[in-house]
Each structure stands twice: as structure tokens, then as C-alpha cells.
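Asks: Residue numbers (the working numbering): 201 to 733.
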């Protein structure tokens with residue numbers, strides 16, 4: 201059976217599965233260290249891929265030397281605020297939570313047995329747990345936020361509730377279905393009365409900064425979210441992630457170059473004998489200045505600046521080496537749109553308004569075809585009734601297949617070319633009625649829209665590309681799975697969870713070269729898979 205087999209890691213491996221460290225919690229006796237980390241949502245100013253996320257927050261338990269990983273917990277739903285080790289048992293109490301941005305303080309109090317893997321929520325109802333500590337083996341002191349902003353007078357962000365829990369059963373085991381009786385009647389109190397210091401206003405930032413410094417001192421190279429990959433004409437691998445403009449690697453695992461500077465890379469486009477690197481410059485104050493994009497030429501181990509944009513763009517490239525620079529930077533329509541088509545040498549071939557763009561509905565990469573493809577609504581100012589359009593070599597815009605229909609429409613697209621000039625596309629079917637999201641992968645005729653086959657998926661596709669010589673397409677999902685599908689028939693060839701040394705990850709970018717498939721992960725790692733048939 202055809203499959204993908206993990207062949208090698210290009211990037212440094214120590215602590216590499218953490219994502220972004222957010223907290224360090226050592227065992228009082230030094231026997232273990234619990235590391236909290238986050239995996240940011242999949243967003244850059246041009247694309248957002250949120251549905252079906254496999255990873256958001258992680259607890260990694262290591263031995264005291266940080267050389268042996270003991271266990272990993274990936275089911276944490278909210279940011280991790282505090283961790284406490286049980287004095288005698290292999291149990292971590294994990295306090296999580298956040299302000300929802302409008303009214304509520306949400307969170308959970310988890311008890312995790314790292315030997316059995318059992319994890320349960322101690323409290324009934326959603327409560328943000330700020331601090332906690334075991335008083336002894338039977339009692340747990342907890343410091344909480346109010347339920348909502350208006351529960352008590354005064355500043356809710358400087359108001360704390362607390363208690364010492366003597367019943368450490370989970371809410372489910374205790375049979376609590378309504379408000380948790382263990383928290384009934386709590387009133388504001390000073391954290392010091394429970395043995396806690398009052399959290400500083402910047403406690404989250406300080407904890408994350410300290411965690412990053414701690415992990416860096418133990419050999420962690422800060423990396424996260426590999427947005428795009430491409431093989432160069434010389435057979436090297438180029439990558440862009442949050443920590444650099446671009447990197448260049450030998451397939452054997454040697455990093456040749458790491459280009460740094462203002463902004464970070466988000467896209468790579470093959471143009472003739474070189475690559476174009478798209479760099480996003482995030483605004484520190486979005487009310488004072490917008491996010492911006494710049495283009496750079498990567499060739500012969502050099503990165504050369506080409507041009508700047510006063511807004512952000514999303515790239516597409518055709519077989520002739522032309523670039524489509526779709527204007528993504530003004531969702532509020534405060535200025536005229538400036539979509540551009542550039543020749544291989546950077547000359548402007550077209551400037552105008554190709555229609556409204558938003559990062560859930562209009563992002564699509566269909567590189568390497570006979571024309572520059574993009575999505576446009578009906579009317580062009582809309583995000584609904586989208587059609588696949590193509591800019592021909594003479595600059596004319598041709599409307600191709602209908603991309604979606606009303607009231608349902610296709611969101612969060614990923615696509616690639618299939619056999620016989622067909623189109624493989626993956627998307628989420630949005631239905632305004634309250635129902636579970638539907639994720640689909642299908643092959644269709646890009647001109648008529650005739651659907652040749654359809655497969656249901658369990659999550660969004662982050663990337664897809666043909667691989668090997670058997671007519672198979674590799675795809676990666678936000679759930680963490682990676683798979684192969686027969687492009688001709690739609691038959692599922694193979695699918696597995698992308699796990700590295702037993703720990704899950706999510707693949708965001710794929711680039712094939714013959715039987716070799718490069719993959720970029722949410723935690724910043726670069727992996728090489730071998731396609732076998």
C-alpha cells in the first residue's frame with residue numbers, strides 16, 4: 201500500500217515539539233519539570249485556518265534534566281496559568297483560563313495523572329483558575345477570577361476569589377451538573393490569605409518571556425508555524441516561518457542560510473529560475489499604520505529586496521512566471537483596492553480591483569497553471585456566490601466554475617491541479633443553520649464545475665500537493681492527520697496522525713520533489729517524508 205514514511209528531521213530536535221513556551225513549573229524536589237506551551241491560531245494577514253484545530257495548548261512533562269520527556273497532555277482548552285504537583289502521586293493540577301474579550305472569565309481546573317493518562321475537569325461550570333497549590337495530599341488551594349465582569353463591584357481584573365478544596369473529585373464523578381457547590385458563596389479576598397502573591401498585570405507576558413528564556417538556555421531554537429515550503433531549482437529546500445524572512449536547507453539537513461530582518465515570511469512562489477519570498481510586516485499599532493507586505497528574490501543563496509506594498513497581499517503564480525498580488529489589506533473598504541499582476545522581472549502588467557477579499561473566503565493557491573487564478577464573489581464586492589476566475593496572458597479576466605452557492609458557501613480553501621487539467625479543492629461548507637461543520641475534498645472540472653468525486657474529511661486541509669508517480673495527492677489536516685488520496689478516483693489511499701517520536705503535530709505546508717515530500721509543522725519543524733508505493 202502506498203504511504204508516507206518519515207525519513208528525517210532537518211531542524212534541531214531538542215524540545216522542538218513545544219511550540220511557543222508559555223510557562224515553566226519545576227517540581228519542588230527537582231525531579232520533574234512541567235513546560236506549558238501554546239500553538240497560535242493559523243493566521244497571517246491573507247489567510248485564516250481556524251476550524252478543526254488539533255493543538256492549542258500543551259503540557260509537556262520532562263525529567264529534571266529536561267532530557268527525557270515523560271508525558272504530554274494536548275487536550276487543554278484554555279491558556280495555562282499555573283501548575284501544581286501533587287506531593288505524593290503522579291498528578292498535576294492545571295489551572296487554565298482567559299477573559300473571553302467581552303464579559304466572561306472562562307477556564308478549567310484539570311487533574312492529570314501522567315502515568316495513566318487520565319485527565320478530568322475538577323469544577324462544574326467554566327471558571328478561570330489563576331493560581332493553585334496543594335496544601336497537602338488532600339487539599340488544593342485555588343485562586344479564581346469572578347464568573348463575569350459585573351459579578352462584584354470594582355475592577356474585575358483586580359478581583360480574586362479563592363478557597364481550599366477538600367473534595368478533589370471531578371465534577372462528573374461528584375455528579376455536579378449545575379453550579380459547583382464547592383464554590384458557592386465565594387466573595388472577593390486577598391490572594392495572600394491563601395498563600396498567593398497578587399498576580400501582576402503583566403504576569404502572563406512575564407511568565408511567557410521567562411519560559412522562552414529558560415528553554416533557550418536549555419538548547420531550544422525558537423521556531424513556530426512554517427507557512428510555506430518550496431524546492432529550489434538546485435534541489436534545496438526553502439522555508440518561511442514566524443522567526444525569519446526565509447531559510448535555505450540542504451536535503452541532507454544542513455541549514456545553508458537563515459535570512460532575518462523586519463517582518464517574517466509567509467509565502468514562496470516559484471518564478472522562472474528563482475523563488476519569490478513574500479514577507480509580512482505586522483503593524484505595532486494597527487490604528488496608526490496598516491500591516492504591509494514586501495517581495496524578495498531568493499536565488500543563489502542570496503535574498504534581494506524587490507518591492508514594497510503599502511498594504512498586505514496574497515501571492516499566486518502561473519506557469520509563465522507571472523505573479524498575482526491580491527490586495528488583502530483593507531477589509532473595511534477605506535481605500536481603493538490595488539490588485540497587481542507582475543511579470544517575471546517585476547514589471548506591472550495589470551493594476552486594478554479584482555473584487556472584495558477576505559481571509560476566510562477568497563484565499564486560494566493554484567500555482568503553475570495556464571493563467572493566474574483567484575476567487576471573486578457575485579457581485580465582486582461580495583464574499584458569497586464566488587466563482588473561480590483566471591487572468592489570461594493577455595490580461596483579460598475569464599470567469600470559470602461556480603465555487604459555491606447560496607445559502608451555503610465554500611470557505612477556507614486549499615487547492616492544487618489534478619490529472620487532465622482538473623482541479624482538486626478542499627473546503628469547509630458553511631451552513632447558516634446550527635449544524636456541524638462539513639469538510640470536503642473533491643475533484644472537479646475548473647471550467648464547467650462538474651464534480652468528478654467528493655470525499656468527506658474530519659478537518660480543514662492546510663496544504664495539498666501531488667506526490668510520486670502513481671497519481672496520488674498528499675494532504676494535511678488541522679486535526680493533525682496527513683494522508684494520500686487517488687486523484688483520479690478519490691479513493692483514500694492512506695491516512696495517519698502526524699506524530700514525531702510519539703507526540704502529535706500539525707503540518708501546515710507541503711512541497712513534493714519526486715518521491716520526497718517536505719513538510720513544515722506548526723511547531724516550526726521541517727520534516728522529510730518518503731513516498732512509497
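Yeah, the Cβ is synthetic: ideal placement off N, Cα and C, and Gly gets one too.
Taking residue 238 as the reference, which of 475, 408 and 717 has the closest Cα?
Replies: Answer by Cα proximity: 408.
Asks: Does residue 732 come out as helix, strand or coil in the three-state DSSP assignment?
Replies: Reduced to three states, the DSSP call for residue 732 is strand.
Asks: What is the C-beta distance between residue 480 and residue 245, in whole angstroms, given that I count them as a contact (C-beta under 8 Å)?
Replies: Right, the Cβ-Cβ distance comes to about 6 Å (below 8 Å), so this counts as a contact.
Asks: Counting beta carbon pairs with one atom in the segment 682 to 699 and one in the segment 255 to 263, are three or more of them shorter than 8 Å?
Replies: With the cut-off at 8 Å, the segment 255 to 263 and the segment 682 to 699 do not touch.
Asks: Just to confirm, are residue 674 and residue 661 a CB contact at a threshold of 8 Å?
Replies: No, these two residues do not count as a Cβ contact at 8 Å.
Asks: Can you give the Cα-Cα distance for residue 554 and residue 496, rounded to whole angstroms?
Replies: Their Cα atoms are separated by approximately 24 Å.
Asks: Who are the Cβ neighbours of residue 251 in its own chain at under 8 Å, not counting the five residues just before and after it?
Replies: Counting only Cβ-Cβ distances below 8 Å, and skipping sequence neighbours, we find 612, 628, 637, 639, 659, 660 and 678.
Asks: Could you compute how far the alpha carbon of residue 685 sits from the alpha carbon of residue 509?
Replies: Each residue's Cα considered, the two are about 38 Å apart.
Asks: Runs of 3 residues minimum, wholly inside the segment 465 to 496: which ones carry the beta strand (DSSP E) assignment?
Replies: Within the segment 465 to 496, the complete beta strand (DSSP E) runs of at least 3 residues are 474 to 481.
Asks: If you reduce the DSSP assignment to three classes, tell me which class residue 499 lands in.
Replies: Residue 499: strand per DSSP, three-state reduction.
Asks: Use the C-beta contact count for residue 493: other C-beta atoms within 10 angstroms, 16 or more gives buried, fewer gives exposed.
Replies: Buried.
Asks: Check this for me: beta carbons of residue 470 and residue 410, under 8 Å apart or not?
Replies: Result no, Cβ atoms of residue 470 and residue 410 do not sit closer than 8 Å.
Asks: Would residue 709 pass as a contact of residue 429 if the rule is Cβ separation under 8 Å?
Replies: Yes, Cβ-Cβ distance for residue 709 and residue 429 is below 8 Å.
Asks: Under a three-way DSSP split, which group does residue 604 fall into?
Replies: Three-state result, residue 604: coil.
Asks: If you pair each beta-carbon of the segment 576 to 583 with each one of the segment 613 to 624, do three or more pairs fall below 8 Å?
Replies: Flag = no, the segment 576 to 583 and the segment 613 to 624 do not touch.
Asks: Reducing DSSP to helix, strand and coil, say where residue 413 ends up.
Replies: In the structure shown, residue 413 sits in a helix (DSSP, three-state: H, G or I).
Asks: Determine, using beta carbons only, whether residue 597 and residue 546 come nearer to each other than 8 Å.
Replies: Not a contact, by the Cβ cut-off of 8 Å.
Asks: DSSP puts residue 271 in a beta bridge; with which residues?
Replies: Paired residue(s): 261.
Asks: What residues are listed by DSSP as bridge partners for residue 589?
Replies: Paired residue(s): 574 and 599.
Asks: Name the one or two DSSP bridge partners that residue 695 has.
Replies: Per DSSP, 683.
Asks: Find the nearest neighbour of residue 358 within the set 389, 249, 373 and 224, judged by alpha-carbon distance.
Replies: When only C-alpha atoms are compared, the closest one is 389.
Asks: Below 8 Å, can you find three or more Cβ-Cβ pairs linking the segment 565 to 572 to the segment 583 to 598?
Replies: Taking 8 Å as the limit for Cβ pairs, the verdict is that the segment 583 to 598 does touch the segment 565 to 572.
Asks: Return the residue from the list 733, 502, 242 and 645 that minimises the CA-CA distance to residue 669.
Replies: Selected option, being the one with the closest Cα: 733.
Asks: By how many angstroms is the C-alpha of residue 395 removed from the C-alpha of residue 235?
Replies: The alpha-carbon atoms of residue 235 and residue 395 are separated by roughly 23 Å.
Asks: Could you give the distance in angstroms between the alpha-carbon of residue 521 and the alpha-carbon of residue 664?
Replies: Looking at the two C-alpha atoms, the distance is approximately 21 Å.
Asks: Using CA atoms only, rank isn't needed, just tell me which of 329, 286 and 466 is closest to residue 229.
Replies: The candidate whose alpha carbon is nearest that of residue 229 is 286.
Asks: For residue 214, count the other beta carbons within 10 Å of its own beta carbon; 16 or more makes it buried, fewer makes it exposed. Which is it?
Replies: Exposed is the call here.
Asks: Would residue 210 and residue 540 be called neighbours here (beta carbons separated by less than 8 Å)?
Replies: Not in contact: residue 210 and residue 540 (Cβ atoms no closer than 8 Å).
Asks: Whole angstroms is fine: what's the gap from residue 281's alpha carbon to residue 297's?
Replies: So the two alpha carbons sit approximately 7 Å from each other.
Asks: Select from 466, 655, 423 and 473 the residue whose C-alpha is nearest the C-alpha of residue 434.
Replies: Comparing Cα-Cα distances from residue 434 to each of 466, 655, 423 and 473, the minimum goes to 473.
Asks: Pull up the distance between the alpha-carbon of residue 462 and that of residue 441, whole angstroms please.
Replies: Distance between the alpha carbons of residue 462 and residue 441: 13 Å.
Asks: How big is the Cα-Cα spacing for residue 397 and residue 412?
Replies: Spanning the two alpha carbons is a distance of roughly 22 Å.
Asks: Taking all protein chains shown into account, decide if residue 339 is buried (16 or more other Cβ within 10 angstroms of its Cβ) or exposed.
Replies: Looking at its Cβ environment, which holds fewer than 16 other Cβ atoms inside 10 Å, residue 339 is exposed.
Asks: Within 10 Å of its beta-carbon, does residue 646 have 16 or more other beta-carbons around it, so buried, or fewer, so exposed?
Replies: It counts as buried.
Asks: Whole angstroms are fine: how far does the CA of residue 543 sit from the CA of residue 205?
Replies: Each residue's alpha carbon lies about 39 Å from the other.
Asks: On the three-state DSSP scale, how would you describe residue 403?
Replies: It is helical.
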